[in-house]
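J.: Got a structure here, written out as structure tokens. Questions coming.
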Amino acid sequence: MTTDLLPDLDGRHVLPSDDGYDDARRPWNTAIDQRPAAVVEAASVADVQAVVRHARANGLHVAPQSTGHGAEALAVDLRGAILLRTSRLNAIAVDAEARTARIGAGVTGGALARAAAEHGLAATLGLAPSVGVAGLALGGGIGWLSRVHGLASNAIRSIDVVTADGAARTVDADRDPDLFFALRGGGGRFAIVTGLELALHPVDAVSAGMLAWPAEATGEVLEQVRRWTRDAPEALSAVVRVLSLPPIEAIPAPIRGRRIVAVVAAYLGPHHDAERLIAPLRGGGGTLVDTFGPIAIADLVTVAGDPEAPGPARGDGLLLKDLTPDAVAAVEALVGGAAFDALTILELRQLGGALGRPAPAGHGALDRVDAGWAVFAGGSAPDAAAADAIVAAAAGIREGLAPYAAEQVLLNSTAAGVDPARAFAPETWARLARIHAAYDPDGLILAAHRT
Ligand SMILES: Cc1cc2nc3c(=O)[nH]c(=O)nc-3n(C[C@H](O)[C@H](O)[C@H](O)COP(=O)(O)OP(=O)(O)OC[C@H]3O[C@@H](n4cnc5c(N)ncnc54)[C@H](O)[C@@H]3O)c2cc1C
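Throughout the sequence shown, residue numbering follows the numbering used here, covering 25 to 475 in sequence.
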């Protein structure tokens, strides 16, 4: 097999015949059984170039992957591909004065949050510390800072890439501006990213935490959140989650092993303002837990309590135009339905603020998110039957919320099978196709949402 001839690397390569193959090929989402022709753990830009040249010379594809959180969306047969792991490219250099960070393509949200917080700064990251910053930002990227600062993709200042011809380049507003445009929100199919420079934001104080009630209160809580968030300042963000929690020690006793409805909220600003803002939610009483209060900036990326360890998962998302009283009633009915039992999470994430406005000039492929809320339905899928049940339940959620759904989809939170063109305005989608044809005419790079 041609992969036997892989060049010498600073990192390492693992072939199907090697002992470590099963560990090396396993993505964070262990429900996805990816079986590439070889796995390369790149430790340098030169390694990435060597892999691209080798793949090109031997008729193979290259599938860059950092953590494998997006492995479900990759959803292609990798037998003719080298899986290019970037996790060893994990350097972080914060320039506190310029308020930027230079990071390797394998850096996770948690690592960047800790490094930036040492300087009183924060990056626009997602809600889970284990997600890769590059994968998140290439697909858009929405988190606690987004209602104030917009999409993570538009915080990118420059990108180090290896293009499909094997060349290493740095792209920005002046150098390869088309490629720079495409990678910022258009996903990872245009080039292999080896590093990024990102804007950071000063954050003086943060309050965040979770308030939870029994799931029976879902309709009531959602209605309260609907009114509460209508005029909320942009520095306040809320996520409502209906969760089926496992009976494990790590979960606080009052909610362990239960189905709950939780509001996870974060406020970027003085603690006394946060207390005043959270008061209406507390007012109804009946909470099982209430952890909302001052936290360290670095802890923002863990406050939602997303699972950090790999596990088998399936899920799908959609956008809602707005959270209307009818949409609240529809969610309440879906949560009470039998299909819901297959899910471990139904999330409604508040958007708006800077996300809803066109980004400043010079933005990437995704300038705004034309929706008020993002919905995600997911579950733990240890076997095929569980996976099928989750897919069916998520389809039920999609159907039940169809009257309230926005046209746009978000690449980051949709499973494979959703038309990625729906993430963009038609002219942007056409421009992305032209850029792809120019930079990877042979389709060497395999990416999530590439069709
Ligand atoms: C538990 C969980 C929580 C999440 N929370 C959020 C959230 O709060 N906000 C949000 O916006 N999204 C969130 N997501 C979605 C997440 O942003 C996407 O799944 C993202 O693609 C993951 O990036 P990754 O690098 O970790 O995953 P990977 O599977 O490693 O990468 C996903 C894709 O990104 C591209 N890619 C990654 N690295 C490179 C590279 N070096 N060069 C070129 N392309 C590359 C590839 O196309 C790859 O297939 C979450 C996902 C999970 C599973």
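Beta carbons: idealized from backbone N, C-alpha and C, even for Gly. Please read all numbers here as calculations on a predicted model, not as lab measurements.
1. Do the CB positions of residue 162 and residue 207 come within less than 8 Å of each other?
2. Below 8 Å, how does it come out for the segment 101 to 115 and the segment 126 to 143: are there three or more Cβ pairs, yes or no?
3. In chain order, what residues of the same chain lie with their CB nearer than 6 Å to the CB of residue 247, ignoring the 5 residues before and after it?
4. Would you check if there are 3 or more beta carbon pairs closer than 8 Å linking the segment 352 to 364 to the segment 136 to 154?
5. Under a three-way DSSP split, which group does residue 58 fall into?
6. Can you list, in chain order, the residues of its chain whose CB lies under 6 Å from that of residue 190, leaving out five sequence neighbours each side?
7. Quick one: is residue 88 buried, meaning 16 or more other Cβ sit within 10 Å of its Cβ, or exposed?
8. Counting only runs that start and end within the segment 191 to 243, where is the alpha helix (DSSP H) found for 4 or more residues in a row?
9. Whose C-beta lies closer than 6 Å to the C-beta of residue 152 among residues of the same chain, with five residues either side of it excluded?
10. For residue 366, which residues of its own chain have a beta-carbon under 6 Å away from its beta-carbon, when the five flanking residues on both sides are left out?
11. On a CA-only basis, which of 258, 104, 99 is nearest residue 84? Give me that one, please.
12. In whole angstroms, what separates the C-alpha of residue 135 from that of residue 346?
13. Please classify residue 25: does DSSP put it in a helix, a strand, or coil?
14. How about residue 224 and residue 124: are their beta carbons less than 8 Å apart?
15. Looking at the strands, I want to know which residues DSSP matches up with residue 71.
16. Which of the three DSSP states is assigned to residue 52 in this structure?
17. As a quick exercise: from 371, 214, 324, 165, pick the residue whose alpha carbon is nearest that of residue 284.
18. If you measure from the CB of residue 216, is any heavy atom of ligand 1 nearer than 7 Å?
19. For a test of your reading of the model: does the CB of residue 406 fall under 7 Å from any non-hydrogen atom of ligand 1? Yes or no.
20. Less than 8 Å separating the beta-carbons of residue 339 and residue 401?
21. Report the rounded CA-to-CA distance for residue 450 versus residue 303, giving the unit in angstroms.
22. Following the continuous alpha helix (DSSP H) through residue 451, name the residue where it begins and the one where it ends.
23. Does DSSP put residue 140 in a helix, in a strand, or in coil?
T.: So, from the data block:
1. Taking 8 Å as the Cβ cut-off, residue 162 and residue 207 qualify as a contacting pair.
2. Taking one beta carbon from each stretch, the segment 101 to 115 and the segment 126 to 143 have 3 or more pairs nearer than 8 Å; the two touch.
3. 352.
4. With a cut-off of 8 Å, the segment 136 to 154 and the segment 352 to 364 do not count as touching, because too few Cβ pairs lie within range.
5. Residue 58 falls in the coil class under three-state DSSP.
6. So the list reads 73, 76, 77, once near-sequence residues are dropped.
7. Taking all protein chains in view, the Cβ of residue 88 is crowded by 16 or more other Cβ atoms within 10 Å, so the residue is classified as buried.
8. With a minimum length of 4 residues, the continuous alpha helix (DSSP H) runs that stay inside the segment 191 to 243 are 201 to 210.
9. For residue 152, where only same-chain residues beyond five positions count, the Cβ hits under 6 Å are 330.
10. Cβ within range, chain order: 403, 413, 414, 417.
11. Nearest of 258, 104, 99 to residue 84, Cα basis: 104.
12. Distance between residue 135 and residue 346, taken at the CA atoms: about 34 Å.
13. Residue confidence is low: residue 25 scores 47 on pLDDT, short of 50, so the model does not pin down where it sits. No coordinate-derived value is stated.
14. Yes, the pair counts as a contact, with Cβ atoms nearer than the cut-off.
15. None; residue 71 has no bridge partner.
16. DSSP places residue 52 in the coil class of the three-state scheme, outside both helix and strand.
17. Closest by alpha carbon: 371.
18. Distances from the CB of residue 216 to the heavy atoms of ligand 1 include at least one below 7 Å.
19. Incorrect: residue 406 has no Cβ contact closer than 7 Å to ligand 1.
20. A Cβ-Cβ contact shorter than 8 Å links residue 339 with residue 401.
21. So the alpha carbons of these two residues sit roughly 43 Å apart.
22. 450 to 463 is the extent of the alpha helix (DSSP H) around residue 451.
23. Helix.
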